[in-house]
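Each residue of the sequence shown is one higher than the one before, counting from 1 in the UniProt record's numbering.
Glycine included, each C-beta is placed from N, C-alpha and C at the ideal position.
Each remark here refers to the structure printed beneath this line.
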Amino acid sequence: MVTTEERSKLLLIIHKYNANRKKYRKNKFNKIEMGPKLKNTNKQFNDK
1 MVTTEERSKL LLIIHKYNAN RKKYRKNKFN KIEMGPKLKN TNKQFNDK
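What follows is the structure in structure tokens.
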């Protein structure tokens, strides 16, 4: 059996890992998806 202390440590590690992963995924998504689109929209506005 896992003691409550060990369990809380594990949960903390998992929580940190998940938070970092979510943050990383969000950053990656924003860089890939939003980057070019934002540049394109700015170009369109500038052309008008």
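Through-space distance from residue j to residue i, alpha-carbon basis
i: asparagine 18; j: methionine 1; result: 24 Å
i: threonine 3; j: isoleucine 14; result: 16 Å
i: leucine 12; j: lysine 22; result: 15 Å
i: lysine 9; j: lysine 16; result: 11 Å
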